[in-house]
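Following: one structure in structure tokens, then a few remarks.
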Amino acid sequence: MSGEQHHPTLHDVARAAGVSVSTTSRALGNYGRISQRTRAHIRWIADELGYRPNVIARSMITGKTQSLGVVCADLSSPFFAEALRGVSDLAKERGYSILIVNTDEDLKAEQDAITLLRDKLVDGVIVAPADVQCVEHLARLQRDGRPVVLLDRTSHALEADSVTVDDVAAVARATSHLLDAGHRRIGIVTELRTARESNWLALLTGGVGRTALNPSSRRLLGYIQAHQQHGVEIDPDLVARTGDTTVASALAAAREMIESSSPTAVMSVDNTTSVGAFSAIRELGLSVPADVSFVAFDNLDWTTLVTPPLTVVEQPVYEIGRRAATALTDRLAGERDGAGEEILLETRFVERDSVAAV
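Residue 1 is where the sequence shown starts when you use UniProt numbering, and the numbers rise one by one after that.
The structure is reproduced here in structure tokens:
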């Protein structure tokens, strides 16, 4: 006759780990101050014993659900897919589950997503905001006691941690590479609408801060700064504006710019515009780099499979996601306090065979 199965308790884990029940509770619940070494040891003991916490009971005691919300701008984007992998891996290591909501870069969808995640009682949120100026819904979440970390975006309108790359420096370096190769008519394909809507004059005169800009505008700022540093005047007609975030729009905008303005080199600001611009070059029957040089943004597999292999700006995408999750869980564990921090990661300029001197 078999007895009832014994389910290990919090007291069993504490006894085996040689620590108090309160320390064990903090380690497994990811709250309070406790060293990472002690936390890892207690979790290892819990796994060995087969301990499974009662999430509902714990949330009633701690007010925490051990869950993070992730508001993704575009789940179909290779960038966000890789960043989410970084978020997920770190969250799993620290005992958190994640809830993911897609917004397709739509502000109303983002606001609805935040409401949903608040109703789900997530402990904190990682978000790539659709509009870095309209962030009151995120500020309200913070006032409710749920920290927010911005992914791939910064906002001067919100006091929050953010994790991104130095977009301005990255594109300035790529543009300078083309300028140093003798190019003076460099086209750039951006996910913007009109020159006026993209703060063109403010960007040209330095009248807008970097944190007030979305990534596409920050990358355009890097393009502008490189031209200014080299004393080269920019023809505004070389700035192609897609109006949305689709490859079809990027292709159409790039094709129109190339046909009407005859650039000797073309740049892009993300994978979508890279695919669109390179496709436009191919459709027009132009050869890279004999007819036009090309620099892509994001070092995805396809950039090495085409002929010629493309020179690219490479972002540490997985690390961006991982660092965002680290910042958020550190806040939740009380290991990070004070004002929000802008965490800037470095890009890498990878030279291949798509740029020629003129």
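Here a beta-carbon is modelled for each residue, glycine too, at the ideal position from N, C-alpha and C.
Rounded to the nearest angstrom, how far is the Cβ of residue i from that of residue j, given a contact under 8 Å?
i: C134; j: L107; result: 6 Å
i: V71; j: I114; result: 7 Å
i: D353; j: P309; result: 5 Å
i: P147; j: L328; result: 6 Å
i: residue 375; j: A181; result: Any answer about residue 375 is impossible in this case: the structure gives the chain only from 1 up to 358.
i: V13; j: I45; result: 6 Å
Using a Cβ-based criterion (distance less than 8 Å to any ligand heavy atom), does residue i qualify as near the ligand MG?
i: G18; result: In the structure on display, the ligand MG does not appear, and there are no ligands present to speak of.
Roughly how many whole angstroms lie between the Cα atoms of residue i and residue j?
i: A91; j: V125; result: 12 Å
i: L221; j: T9; result: 57 Å
i: F349; j: A240; result: 23 Å
i: Y318; j: D298; result: 12 Å
i: A130; j: V306; result: 32 Å
i: I246; j: E233; result: Just to set this straight, residue 246 is Thr in the shown sequence, not Ile. Going from the Cα of T246 to the Cα of E233 covers about 29 Å.
i: R84; j: T38; result: Reading off the sequence, residue 84 comes out as Leu, not Arg. Distance between the alpha carbons of L84 and T38: 27 Å.
i: R196; j: R255; result: Since pLDDT at R196 reaches only 42, below the 50 mark, its modelled position is unreliable, and no value is offered.
i: L138; j: I320; result: 20 Å
i: S268; j: L251; result: 11 Å
i: T194; j: S217; result: Because T194 carries a pLDDT of 49, less than 50, the predicted location of this residue cannot be relied on, and the following value inherits that uncertainty. Computed Cα separation, rounded: 12 Å.
i: R153; j: R15; result: 45 Å
i: S287; j: A356; result: 11 Å
i: A73; j: G338; result: 27 Å
i: S35; j: V295; result: 45 Å
i: R94; j: R322; result: 12 Å
Secondary structure at residue i, three-state DSSP: helix, strand or coil?
i: V317; result: helix
i: V127; result: strand
i: R33; result: coil
i: I98; result: strand
i: L68; result: strand
i: S176; result: helix
i: L121; result: coil
i: I188; result: strand
i: N167; result: It should be pointed out that residue 167 corresponds to Asp in this sequence rather than to Asn. Here D167 sits in helix by DSSP.
i: E197; result: Residue placement at E197 is poorly supported in this model, since its pLDDT is 46, which falls under 50; the coordinates are not used for a value here.
i: S25; result: helix
i: D104; result: coil
i: A265; result: strand
i: L150; result: strand
i: H7; result: coil
Name the two residues that bound the continuous alpha helix (DSSP H) containing residue i.
i: R143; result: E136 to R143
i: N271; result: N271 to E283
i: A296; result: First-last for A296: S293 to F297, but that is the beta strand (DSSP E), not the alpha helix (DSSP H).
i: L90; result: P78 to E93
Flag this pair as yes or no: are the beta carbons of residue i and residue j separated by less than 9 Å?
i: L150; j: A324; result: yes
i: A248; j: G276; result: yes
i: A265; j: I186; result: yes
i: E191; j: T242; result: yes
i: L28; j: S67; result: no
i: residue 373; j: S162; result: Residue 373 lies beyond the residue range present for the chain, which begins at 1 and ends at 358; the question has no answer from this structure.
i: V189; j: T303; result: no
i: A172; j: Y223; result: yes
i: G32; j: A333; result: yes
Got a sec, what are the start and stop residues for the beta strand (DSSP E) residue i sits in?
i: I234; result: I234 -> no beta strand (DSSP E), and no H or E assigned at all.
i: E342; result: E342 to L345
i: R336; result: R336 -> no beta strand (DSSP E), and no H or E assigned at all.
i: V350; result: R348 to V350
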